[in-house]
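In full-length UniProt numbering, the protein residues as written are 1 to 165. By construction, the Cβ of each residue, glycine as well, lies at the ideal position given by its N, Cα and C atoms.
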(Lines of atoms letter the chains of each structure in order from A and count residues from 1; the text may use other names and numbers.)
(Lines give C-alpha, C1' and ligand atoms only; values in the text may rest on other atoms or scores of the structure.)
Protein backbone atom coordinates (compact mmCIF):
# COMPACT_ATOMS: atom_id res chain seq x y z
CA UNK A 1 0.00 0.00 0.00
CA UNK A 2 1.01 3.59 -0.57
CA UNK A 3 2.50 5.67 2.21
CA UNK A 4 3.23 9.37 1.91
CA UNK A 5 3.63 12.59 3.84
CA UNK A 6 1.74 15.71 2.87
CA UNK A 7 3.52 18.85 4.01
CA UNK A 8 3.02 22.57 4.04
CA UNK A 9 5.34 25.42 4.95
CA UNK A 10 4.51 28.97 5.89
CA UNK A 11 7.34 31.43 5.30
CA UNK A 12 8.36 34.65 6.99
CA UNK A 13 9.72 36.51 3.98
CA UNK A 14 10.63 36.03 0.32
CA UNK A 15 13.64 33.83 1.15
CA UNK A 16 12.98 30.13 0.63
CA UNK A 17 14.96 29.46 3.82
CA UNK A 18 12.52 31.52 5.92
CA UNK A 19 10.18 28.74 7.10
CA UNK A 20 8.24 29.87 10.16
CA UNK A 21 5.81 26.91 10.36
CA UNK A 22 5.54 23.39 9.01
CA UNK A 23 2.64 20.97 8.99
CA UNK A 24 3.22 17.29 8.26
CA UNK A 25 0.54 14.63 7.79
CA UNK A 26 1.65 11.02 7.37
CA UNK A 27 -0.63 8.58 5.53
CA UNK A 28 -0.28 4.80 5.53
CA UNK A 29 -2.70 2.36 3.93
CA UNK A 30 -5.09 5.21 3.05
CA UNK A 31 -5.32 6.36 6.67
CA UNK A 32 -3.90 9.43 8.36
CA UNK A 33 -1.65 8.04 11.07
CA UNK A 34 0.26 11.13 12.23
CA UNK A 35 -0.21 14.89 12.32
CA UNK A 36 2.66 17.17 13.33
CA UNK A 37 2.91 20.96 13.48
CA UNK A 38 5.91 23.07 14.44
CA UNK A 39 6.54 26.77 14.62
CA UNK A 40 10.06 27.55 13.41
CA UNK A 41 12.30 30.51 14.18
CA UNK A 42 13.29 31.84 10.74
CA UNK A 43 16.83 33.10 10.07
CA UNK A 44 15.76 36.75 9.91
CA UNK A 45 13.60 38.59 12.47
CA UNK A 46 11.30 40.34 10.02
CA UNK A 47 8.05 38.53 9.25
CA UNK A 48 6.60 40.03 6.10
CA UNK A 49 3.67 37.64 5.66
CA UNK A 50 1.87 37.93 9.02
CA UNK A 51 -1.12 39.26 7.08
CA UNK A 52 -1.32 35.90 5.28
CA UNK A 53 -0.69 33.31 8.01
CA UNK A 54 -1.03 35.30 11.23
CA UNK A 55 2.42 34.34 12.54
CA UNK A 56 4.48 37.18 14.01
CA UNK A 57 8.00 37.37 15.42
CA UNK A 58 6.80 37.01 19.02
CA UNK A 59 5.26 33.64 18.05
CA UNK A 60 8.56 32.23 16.79
CA UNK A 61 11.36 34.09 18.60
CA UNK A 62 11.66 31.33 21.22
CA UNK A 63 11.01 28.43 18.83
CA UNK A 64 13.78 26.18 17.50
CA UNK A 65 15.41 26.79 14.14
CA UNK A 66 14.78 24.31 11.33
CA UNK A 67 18.09 22.52 11.95
CA UNK A 68 17.13 21.75 15.54
CA UNK A 69 13.69 20.49 14.48
CA UNK A 70 15.05 18.16 11.81
CA UNK A 71 15.53 15.36 14.37
CA UNK A 72 11.72 15.42 14.82
CA UNK A 73 10.82 15.97 11.16
CA UNK A 74 13.05 13.30 9.57
CA UNK A 75 11.38 10.31 11.29
CA UNK A 76 7.97 11.43 9.98
CA UNK A 77 9.35 11.27 6.42
CA UNK A 78 11.14 7.97 6.90
CA UNK A 79 10.06 5.09 4.69
CA UNK A 80 7.34 6.85 2.72
CA UNK A 81 6.90 6.49 -1.04
CA UNK A 82 6.54 10.20 -1.79
CA UNK A 83 5.90 13.68 -0.40
CA UNK A 84 2.89 15.73 -1.44
CA UNK A 85 2.23 19.45 -1.35
CA UNK A 86 -0.12 21.94 -2.94
CA UNK A 87 2.07 23.86 -5.38
CA UNK A 88 4.82 21.38 -4.57
CA UNK A 89 7.54 23.42 -6.26
CA UNK A 90 7.22 26.05 -3.51
CA UNK A 91 7.25 23.64 -0.55
CA UNK A 92 10.01 21.52 -2.07
CA UNK A 93 12.05 24.71 -2.53
CA UNK A 94 11.51 25.71 1.10
CA UNK A 95 12.42 22.23 2.34
CA UNK A 96 15.58 22.12 0.26
CA UNK A 97 16.63 25.69 1.16
CA UNK A 98 16.15 24.99 4.87
CA UNK A 99 18.10 21.74 4.60
CA UNK A 100 20.88 23.49 2.69
CA UNK A 101 21.05 26.33 5.22
CA UNK A 102 21.57 23.82 8.04
CA UNK A 103 23.88 21.41 6.16
CA UNK A 104 21.21 18.68 6.20
CA UNK A 105 21.07 16.17 3.35
CA UNK A 106 17.97 16.86 1.27
CA UNK A 107 15.30 14.16 1.39
CA UNK A 108 15.33 12.13 -1.83
CA UNK A 109 11.59 11.42 -1.96
CA UNK A 110 9.73 12.33 -5.14
CA UNK A 111 7.18 15.13 -4.78
CA UNK A 112 3.57 14.96 -5.96
CA UNK A 113 1.84 18.29 -6.60
CA UNK A 114 -1.83 18.37 -5.63
CA UNK A 115 -2.42 21.35 -7.95
CA UNK A 116 -1.47 19.11 -10.88
CA UNK A 117 -3.32 16.17 -9.35
CA UNK A 118 -6.56 18.18 -9.10
CA UNK A 119 -6.23 19.34 -12.70
CA UNK A 120 -5.55 15.83 -13.97
CA UNK A 121 -8.04 13.92 -11.81
CA UNK A 122 -11.04 16.28 -11.76
CA UNK A 123 -10.21 18.80 -14.52
CA UNK A 124 -10.47 21.59 -11.93
CA UNK A 125 -9.68 25.26 -12.59
CA UNK A 126 -8.87 27.30 -10.59
CA UNK A 127 -6.85 24.96 -8.42
CA UNK A 128 -6.05 27.13 -5.43
CA UNK A 129 -6.24 25.06 -2.25
CA UNK A 130 -9.55 26.57 -1.08
CA UNK A 131 -11.12 25.83 -4.50
CA UNK A 132 -10.04 22.19 -4.49
CA UNK A 133 -11.12 21.73 -0.87
CA UNK A 134 -14.53 23.23 -1.59
CA UNK A 135 -14.99 20.91 -4.58
CA UNK A 136 -14.07 17.85 -2.49
CA UNK A 137 -15.84 18.94 0.71
CA UNK A 138 -12.60 19.13 2.72
CA UNK A 139 -12.45 21.40 5.78
CA UNK A 140 -9.69 23.99 5.56
CA UNK A 141 -8.23 26.71 7.78
CA UNK A 142 -6.16 28.16 4.95
CA UNK A 143 -2.55 29.22 5.64
CA UNK A 144 -2.45 27.26 8.88
CA UNK A 145 0.31 24.79 8.03
CA UNK A 146 -1.22 21.68 9.60
CA UNK A 147 -4.65 22.35 8.09
CA UNK A 148 -3.13 22.93 4.65
CA UNK A 149 -1.05 19.73 4.95
CA UNK A 150 -4.07 17.68 6.02
CA UNK A 151 -6.12 19.10 3.16
CA UNK A 152 -3.33 18.13 0.78
CA UNK A 153 -3.28 14.59 2.20
CA UNK A 154 -7.04 14.33 1.72
CA UNK A 155 -6.73 15.53 -1.89
CA UNK A 156 -4.18 12.78 -2.60
CA UNK A 157 -6.43 10.20 -0.93
CA UNK A 158 -9.46 11.37 -2.93
CA UNK A 159 -7.45 11.18 -6.15
CA UNK A 160 -6.19 7.68 -5.36
CA UNK A 161 -9.74 6.59 -4.59
CA UNK A 162 -11.17 8.06 -7.79
CA UNK A 163 -8.45 6.57 -10.01
CA UNK A 164 -8.83 3.05 -8.56
CA UNK A 165 -12.53 2.85 -9.38
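Assuming residue 21 and residue 145 make a contact with CB atoms under 8 Å, what is their CB distance in whole Å?
Sequence index remark: in the chain shown, residue 21 carries index 21 (1-based). Sequence index remark: in the chain shown, residue 145 carries index 145 (1-based). With 8 Å as the limit, residue 21 and residue 145 qualify as a contact, their Cβ atoms being about 4 Å apart.
How should residue 92 be labelled, buried or exposed, when 16 other C-beta atoms within 10 angstroms of its C-beta is the threshold for buried?
Numbered from its first residue, the chain shown carries residue 92 at position 92. By the neighbour-count rule (16 or more Cβ atoms within 10 Å), residue 92 is buried.
Could you check what DSSP says for residue 96 in three-state terms: helix, strand or coil?
To locate residue 96, count along the chain shown from 1; it is residue 96. The answer is helix: DSSP assigns residue 96 an H, G or I state.
Helix, strand or coil at residue 91 [DSSP, three-state]:
Start at 1 with the first residue of the chain shown, and residue 91 comes out as number 91. Three-state result, residue 91: helix.
Taking the DSSP output, what are the residues bridged to residue 85?
Taking the first residue of the chain shown as position 1, residue 85 is located at position 85. According to DSSP, residue 85 bridges with 113.
For residue 43 versus residue 8, is the C-beta spacing smaller than 7 Å?
Within the chain shown, numbered from 1, the residue matching residue 43 stands at position 43. Within the chain shown, numbered from 1, the residue matching residue 8 stands at position 8. Result no, Cβ atoms of residue 43 and residue 8 do not sit closer than 7 Å.
Residue 86 burial status per 10 Å Cβ neighbour count (16 or more: buried)
Within the chain shown, the letter at position 86 stands for residue 86. Classification for residue 86: buried.
For residue 37: DSSP bridge partner residues:
Along the chain shown, read from residue 1 onward, the residue named residue 37 stands at position 37. Answer is 23, bridged to residue 37.
Under the assumption that residue 10 contacts residue 73 (Cβ atoms under 8 Å), give the Cβ distance between them as a whole number of angstroms.
Locating residue 10 in the chain shown gives position 10, counting from the first residue. Locating residue 73 in the chain shown gives position 73, counting from the first residue. At roughly 15 Å, the Cβ-Cβ gap does not stay under 8 Å, so residue 10 and residue 73 are not in contact.
Considering residue 8, what are the terminal residues of the alpha helix (DSSP H) in which it resides?
Stepping through the chain shown from its first residue, residue 8 is reached at position 8. First-last for residue 8: 3-11, but that is the beta strand (DSSP E), not the alpha helix (DSSP H).
With H, G and I counted as helix, E and B as strand and the rest as coil, what does DSSP make of residue 138?
Residue 138 sits at position 138 when you count from the first residue of the chain shown. Here residue 138 sits in coil by DSSP.
Here's a check: name, in chain order, each residue in its chain whose Cβ is nearer than 7 Å to the Cβ of residue 142, leaving out the five neighbours to either side.
Taking the chain shown and counting its residues from 1, the one referred to as residue 142 is at position 142. Closer than 7 Å at the Cβ level, and outside the excluded window around residue 142, lie 129, 130 and 148.
Helix, strand or coil: how does DSSP classify residue 32 here?
For the purposes of this step, residue 32 is taken as the residue at position 32 of the chain shown. Residue 32: strand per DSSP, three-state reduction.
My understanding is that residue 67 touches residue 104, with C-beta atoms under 8 Å, so please give their C-beta distance in whole angstroms.
Locating residue 67 in the chain shown gives position 67, counting from the first residue. Locating residue 104 in the chain shown gives position 104, counting from the first residue. At roughly 7 Å, the Cβ-Cβ gap stays under 8 Å, so residue 67 and residue 104 are in contact.
Put residue 17 into one of helix, strand or coil per three-state DSSP.
Here residue 17 corresponds to residue number 17 of the chain shown, with the count starting at 1. DSSP places residue 17 in coil when its eight states are reduced to three.
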